[in-house]
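Working notes for the structure below.
Residue numbers (my numbering): 75 to 373.
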């Protein structure tokens, strides 16, 4: 649905004078440009802590209930190493998604001096966010939790206590992928463990008592199934969003497409980095998103 002319007049101003730059204070100076990004939201912090606790619980049950005592040493070593590696990558991806600036627009930069420095030409416009008093790039949206405008904001995720945007979408995608993988891996190992326990003495299939073993395995099955479904759907949604180059907010609001159309492969490279390499799967490799003029666009 296209916006009405009256609505567009409220969002777009063609001249710097109409932006009321005198109401905006100069942006605060940051003493340390490399300060870690972290959102102080109680709900998000609790959700982030719960996420880590659930991964540690799964790690504990897999290692000390399913794989130890070892029925087959090679089986326990391979599956233990694989599960621990995937769990580590999942937590590393979560930490990067949570502590990486998602693409926040400088706050309070809608000053008269800055607007005049843009040297706007006929047909060029600037957007202003009245909430954070900043010149808002195209495809940016204001997040009420982060209290900032975020470039290519897809959504705000409480589980990573951060917005998913231009600069951290890769880490969020990796987080959902690795959580889905460890959930599937845990479910498969629990199924084999149940079969082993039914075919042998329950007192020999775990160092814990049979009732405690059953409770721990059932809880792990419930956790694994729940997160497998949730993260698989989220992973598929994110990959589709990347391939179509349309964020979740843009799809929800059915915003008019005013940006260049690229191939699906190019869209993947924009998010995960150029060129394709094993670094795409690493939460420690920061992709190069390139540079662009974020403040001026033709309509």
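Each residue gets a CB set at the ideal place from its N, CA and C atoms; glycine is no exception.
For residue j and residue i, believed in contact at Cβ under 8 Å, the rounded distance
i, j, result
"residue 157", "residue 136", "5 Å"
"residue 233", "residue 125", "6 Å"
"residue 200", "residue 189", "7 Å"
Contacting residues, own chain, Cβ-Cβ under 7 Å from residue i (five flanking each side not counted)
i, result
"residue 119", "235"
"residue 255", "160"
"residue 357", "163, 166, 167, 170, 245, 248"
"residue 238", "176, 228, 229, 231, 246"
"residue 339", "none"
"residue 111", "173, 174, 175"
Residue of the options minimising C-alpha distance to residue i
i, options, result
"residue 177", "224, 267, 121, 132", "224"
"residue 166", "183, 149, 340, 122", "122"
"residue 229", "124, 332, 308", "308"
"residue 346", "262, 253, 242", "242"
"residue 205", "222, 195, 193", "222"
"residue 250", "191, 310, 282", "310"
"residue 296", "262, 272, 283", "262"
"residue 362", "351, 344, 332", "344"
Distance between residue j and residue i (C-alpha atoms, nearest Å)
i, j, result
"residue 227", "residue 220", "11 Å"
"residue 359", "residue 353", "6 Å"
"residue 303", "residue 335", "31 Å"
"residue 315", "residue 149", "38 Å"
"residue 183", "residue 128", "41 Å"
"residue 293", "residue 145", "22 Å"
"residue 312", "residue 305", "10 Å"
"residue 173", "residue 113", "8 Å"
"residue 45", "residue 275", "Lying before the first or after the last residue shown, residue 45 is absent from the chain, which here runs from 75 to 373."
"residue 217", "residue 279", "50 Å"
"residue 155", "residue 267", "17 Å"
"residue 349", "residue 240", "18 Å"
"residue 271", "residue 153", "18 Å"
"residue 115", "residue 319", "29 Å"
"residue 151", "residue 282", "20 Å"
"residue 181", "residue 355", "32 Å"
Neighbourhood of residue i by C-beta distance below 8 Å, restricted to the same chain and skipping five residues each side
i, result
"residue 258", "298, 302"
"residue 317", "338, 341, 342"
Cutoff 6 Å; reference residue i; Cβ partners in own chain excluding five residues on either side
i, result
"residue 291", "264"
Proximity test, residue i beta-carbon vs the ligand ADP heavy atom, cut-off 7 Å
i, result
"residue 341", "Absent from the structure shown: the ligand ADP. Ligands present: none."
Meets three-Cβ-pair contact criterion under 8 Å: the region 241 to 255 and the region 132 to 152 = Fewer than three Cβ pairs drawn from the region 241 to 255 and the region 132 to 152 lie within less than 8 Å of each other, which leaves the two stretches out of contact.
If you pair each beta-carbon of the region 200 to 218 with each one of the region 321 to 337, do three or more pairs fall below 8 Å?
-> Contact between the region 200 to 218 and the region 321 to 337 is present, because at least three Cβ pairs lie under 8 Å.
Just checking, does the region 279 to 287 make contact with the region 137 to 146 on the three C-beta pairs under 8 Å criterion?
-> yes
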